[in-house]
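Offset between the sequence shown (1-based) and this note's numbering: plus 4.
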Amino acid sequence: MKSIIKYTSVFLGIFLVSCVDFLEEKITTSYDGSVMVSSPEALEANVLGIHRQLASSGFKSGTFCEWLAPASGLAHWSNTSALTNPLERWACCLKFTRFSQHPEAYDSFTSFYRSIYLCNSLLAAMQSSPVDDAYKKEIEGEIYFLRAMAYFYLVRLYGDVTLHTEAPTSLSEVYGPRADFWIVYCQIIKDLNLAVAQMRDWNRMVEIAGGNASGRVCNYAAVACRSLVYLTIGTLLAHPDDNFWVNRTPDFSEIEIADAGDAFRKALSDAEDVIDHGPFELCPDYRQLFRWTEAGDWQLKERIWVMPRSPEAGDANSGLTMWALPNRYMGTSNVDNFGRCRPDRWFFQKWCEDYGGQKGTGSYNKNVYVGCPDPRLSVNLIYNSYPGQNKTLYNCYPADNRIFPGNETMMKHYGLPYYKKYYDPTYDNSVGNADLYVMRLAEVYLIAAEACANLCESASDAYGTKAVDYVNVILERARNSVDGEPAAEPQAWTASKFNNSKEALVNAIFWERCYEMPFEHHEYFDTHRMGARWLAENIAKPKNAFLYLNEQEDYTRDGTDYSGYRTIYYGRDFRYDEDPALVRKGLISSYPYDELIYNTCLDVNKSDPNFGQNPAEVYWR
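Rendered as structure tokens:
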């Protein structure tokens, strides 16, 4: 956040210059508030600039992949530095609270705040704009949405954060103490309420933004995101003893929430409003969702909020592509930037097992699931083999589940599956075409289902039945996403599947989120909002028990025992924390250490038992 006013001026100026499609007046001088709001085109250009700034907070650059996906417990950071640098190892072990000096964490933290200050600056400048009031109200609504979502990511990452709703007029106003996390959530809801009331509907957005509308948001996008905020609040309140605060009493009365039930009912109401009245539709074929080179109306209708590729603004989305593409995809022997973030082997196996996958028959994969009848797995993940651009066929897990730790290249290439949804055949080592979903309609169905499941007394009562019905919409789409006859899995749910257990139903819906939307930047937030006890029971313990097939795998090469490499990658000797009291410290991340230094309003000597934000506990100095 240092020098944030300078950042605000610079970024606004840059965006005004870059957004040539919207702008007739090019600004090449320093910040000029009167010009910034002088016309509808200028307003549109600046809002689009805030969208792009928010996208740079880690969504499309790979930052979220690097330091959030592995910390979810469902992904792995596959990089050679993991062999010698514990930084990545900690991320893979749900130890993110000790991670405060990771440079990507600080970059993302400051980038979110830049988005917020851009929002506040534009809101302030608009007070004197000569643009028609009705038009300004529409723009204001979209700004409130963007500010709300920036704070939504910050509060889920850091808990108590500095809260600003007005543009700073001096550097001293940039910094401030943390606001209680519930105050931040209340502000998010208030901003989203304004957004819902003022934002354009989809037809109006298309009329104004034209070809850029796919990266913009309409009023129902705000309703959809508000449903997720309510769901998050409900989940936090439903697990008070297992969450990151201790001896504190969150107060959400300002937004008319007295308990978890209130929050879940609000989440359900918003989700059903989007499903029943919004302009969105499910794409009938799951396979088509990520064929971004063939975008059409069917695709756009499931999109609620996307961060699109914008080559005209220097955004080639190469980050997402590199994190997903296999290392040897470009035909080179070793490209460190590629294939870094990959699905965890345990997660891959759980997905296959949950849907009746088949085990291999070979000597190396006889206890490894090599296939899964859920069509979504083959859409989302690359496993067994993949073609490089040099036409060479490369193997990856689980075709040969052995890893030869003495050969770093083989470890990276063969040890894990890859993410497929951003697999871009047009990628040329610099420019990719992949758009990023932030929210799509399938998630709203699952929000409705999860809210119902939390409101039910049993899986067979009215709420439980409704939860099952909402999930079945998603499962039916998945089964039908094949050529010819529908797939055998995922089978439609019934209440009896869960023996009337509310807990079993809630857990099953959680995993459906993971199978429907892997690598769409939900993993970290989903696993951590469930609370410490849930994380210990559903992530830590099963991963510790998995053992990663050690009785079948040979870690000896040329007479040398490489079991230490296996420890780094899979944790045979390093176990995940199973004590909820310890796991609780990992539910939110540490403030970046640089921020503790720069923000003099923060008590850097504060010892907080709730989470690891005491500098004395920071490993990286």
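From the three backbone atoms N, C-alpha and C, an ideal C-beta is built for every residue, glycine too.
Let me know if D428 comes out buried or exposed under the rule of 16 or more other beta-carbons within 10 Å of its beta-carbon. Here residue 428 is taken as the residue at index 424 of the sequence shown, counted from 1. Of the residues assessed, D428 falls on the buried side of the cut-off, its CB having 16 or more other CB atoms within 10 angstroms.
By Cβ distance, which residues of its chain are closer than 6 angstroms to C605, with the 5 residues on each side in sequence left out? Numbered from 1 along the sequence shown, position 601 holds the residue referred to as residue 605. Only Y179, G180, P181 meet the Cβ criterion.
Backbone secondary structure at W71 - three-state DSSP: The residue given as residue 71 occupies position 67 in the sequence shown. Of the three classes helix, strand and coil, the one that applies to W71 here is helix, per DSSP.
Nearest neighbour of I308, chosen from G392, G488, P347, L445 [CA to CA]: Reading the sequence shown from its first residue, position 304 is the one you call residue 308. Of the listed residues, the one whose Cα sits closest to I308 is L445.
Per the DSSP calculation, M443 is bridged to which residue(s)? One-based indexing of the sequence shown puts residue 443 at position 439. Paired residues: W309.
Tell me whether the beta-carbon of A455 lies closer than 8 angstroms to the beta-carbon of L272. Translated into the one-based positions of the sequence shown, residue 455 becomes position 451. Translated into the one-based positions of the sequence shown, residue 272 becomes position 268. Yes, Cβ-Cβ distance for A455 and L272 is below 8 angstroms.
In this structure, does DSSP put P494 in helix, strand or coil? Locating residue 494 in the sequence shown gives position 490, where the first residue counts as 1. Here P494 carries a coil assignment [DSSP, helix/strand/coil].
Beta-carbon separation (whole angstroms), I266 vs E258, contact threshold 8 angstroms: The residue you call residue 266 lines up with position 262 of the sequence shown. The residue you call residue 258 lines up with position 254 of the sequence shown. Reading off the sequence shown, one finds Asp at residue 266, where the question assumed Ile. The Cβ separation is near 12 angstroms, so there is no contact.
Using the C-alpha atoms, what's the distance from R481 back to E489? As a working mapping, residue 489 is identified with position 485 in the sequence shown. As a working mapping, residue 481 is identified with position 477 in the sequence shown. Distance between the alpha carbons of E489 and R481: 13 angstroms.
Hey, which unbroken runs of the alpha helix (DSSP H) at 4 residues or more fall wholly within the stretch 335-392? As far as the stretch 335-392 is concerned, its whole alpha helix (DSSP H) runs of at least 4 residues are 349-358, 379-384.
When you compare only the Cα positions, how much space is there between E142 and K305? Taking the sequence shown and counting its residues from 1, the one referred to as residue 142 is at position 138. Taking the sequence shown and counting its residues from 1, the one referred to as residue 305 is at position 301. Answer to the nearest angstrom: the Cα atoms are 22 angstroms apart.
Cβ-based burial, S593 [other Cβ within 10 Å; buried from 16]: Sequence index remark: in the sequence shown, residue 593 carries index 589 (1-based). Buried, because 16 or more other Cβ atoms sit within 10 Å of the Cβ of S593.
For L235, which of helix, strand or coil comes out of DSSP? Walking along the sequence shown from the start, residue 235 turns up at place 231. L235 falls in the helix class under three-state DSSP.
Among L167, V383, S176, D205, which has the Cα closest to the Cα of Q191? If you number the sequence shown from 1, residue 191 lands on position 187. Looking at the Cα atoms, L167 is the closest of the given residues.
For N124, which three-state DSSP category applies? Counting from 1 along the sequence shown, the entry for residue 124 is found at position 120. N124: helix per DSSP, three-state reduction.
Please state the DSSP three-state secondary structure of L606. For the purposes of this step, residue 606 is identified with residue 602 of the sequence shown, where counting begins at 1. Coil, per DSSP.
Apart from the five residues just before and just after S485, which ones in its own chain have a Cβ nearer than 6 angstroms to its Cβ? The residue given as residue 485 occupies position 481 in the sequence shown. Hits under 6 angstroms: D289, Y290, R291, P379.
Exposed or buried, what is V250 when buried is set at 16 or more other beta-carbons lying within 10 Å of its beta-carbon? Start at 1 with the first residue of the sequence shown, and residue 250 comes out as number 246. Flag for V250 reads exposed.
From N503, E276, V221, pick the residue whose C-alpha is nearest to that of E1; which is it? Any question about residue 1 goes unanswered here, given that the chain covers just 5 to 625.
Reduced DSSP category for A585 - H, G, I as helix; E, B as strand; rest coil: As a working mapping, residue 585 is identified with position 581 in the sequence shown. Looking at A585 - three-state DSSP - the assignment turns out to be helix.
Grab the span of the alpha helix (DSSP H) containing C222 for me, first residue to last. The residue labelled residue 222 in the question sits at position 218 within the sequence shown. According to the DSSP assignment, C222 belongs to no alpha helix (DSSP H), since it is labelled neither H nor E.
What three-state label does DSSP hand H532 in the structure shown? Here residue 532 refers to the residue found at position 528 of the sequence shown. In this structure, H532 counts as helix in the three-state DSSP scheme.
What is the rounded straight-line gap between the Cα of L235 and the Cα of T531? As a position in the sequence shown, residue 235 is number 231, starting the count at 1. As a position in the sequence shown, residue 531 is number 527, starting the count at 1. Going by the C-alpha atoms only, they are around 13 angstroms apart.
Which term fits G214, buried or exposed, when burial requires 16 or more other beta carbons within 10 angstroms of its beta carbon? Taking the sequence shown and counting its residues from 1, the one referred to as residue 214 is at position 210. With fewer than 16 other Cβ atoms from the protein chains shown falling within 10 Å of its own Cβ, G214 counts as exposed.
N- and C-terminal bounds of the beta strand (DSSP E) containing C400: Numbered from 1 along the sequence shown, position 396 holds the residue referred to as residue 400. Looking at the DSSP string, the run of the beta strand (DSSP E) that includes C400 is 397-400.
Going by DSSP, which residues form a beta bridge with V165? The count along the sequence shown starts at 1 and reaches residue 165 at position 161. Within the DSSP bridge table, the entry for V165 names A183 as partners.
Confirm, please, whether the CB-CB distance from Y422 to G361 is below 8 angstroms. Within the sequence shown, residue 361 is the residue found at index 357, counting from 1. Within the sequence shown, residue 422 is the residue found at index 418, counting from 1. When the beta-carbon positions are compared, G361 and Y422 stay at least 8 angstroms from each other.
Measure the beta-carbon distance from H525 to F63 and round it to whole angstroms, keeping in mind my assumption that it falls under 8 angstroms. Taking the first residue of the sequence shown as position 1, residue 525 is located at position 521. Taking the first residue of the sequence shown as position 1, residue 63 is located at position 59. About 6 angstroms separates the two Cβ atoms, so the contact holds.
Suppose you measure from the CA of L196 to the CA of V221; what does that come to, to the nearest Å? In the sequence shown, counting from the first residue as 1, residue 196 sits at position 192. In the sequence shown, counting from the first residue as 1, residue 221 sits at position 217. Their Cα atoms are separated by approximately 12 angstroms.
Could you compute how far the alpha carbon of P44 sits from the alpha carbon of E507? Position 40 of the sequence shown holds residue 44. Position 503 of the sequence shown holds residue 507. Rounded to the nearest angstrom, the two C-alpha atoms are 51 angstroms apart.
For a test of the three-state rule: what should DSSP assign to A544, helix, strand or coil? Counting from one through the sequence shown, the residue named residue 544 turns up at place 540. Note: A544 maps to helix in three-state DSSP.
Could you give the first and the last residue of the continuous alpha helix (DSSP H) run that contains E285? Residue mapping note: residue 285 aligns to position 281 of the sequence shown, counting from 1. Per DSSP, E285 belongs to no alpha helix (DSSP H) and is neither H nor E.
For H243, write down the residues that DSSP places opposite it in a beta bridge. Counting from 1 along the sequence shown, the entry for residue 243 is found at position 239. The secondary-structure analysis by DSSP pairs H243 with nothing; it has no beta-bridge partner.
Tell me the rounded alpha-carbon separation between V159 and P254. Locating residue 159 in the sequence shown gives position 155, counting from the first residue. Locating residue 254 in the sequence shown gives position 250, counting from the first residue. Pairing V159 with P254, the inter-Cα distance amounts to about 14 angstroms.
Contacting residues, own chain, Cβ-Cβ under 6 angstroms from V200 (five flanking each side not counted): Start at 1 with the first residue of the sequence shown, and residue 200 comes out as number 196. Closer than 6 angstroms at Cβ, skipping near neighbours: N223, A226, V227.
Mind checking whether the beta-carbon of F68 lies closer than 7 angstroms to any heavy atom of the ligand ZN? Among the components modelled here there is no ligand, and therefore nothing to report on the ligand ZN.
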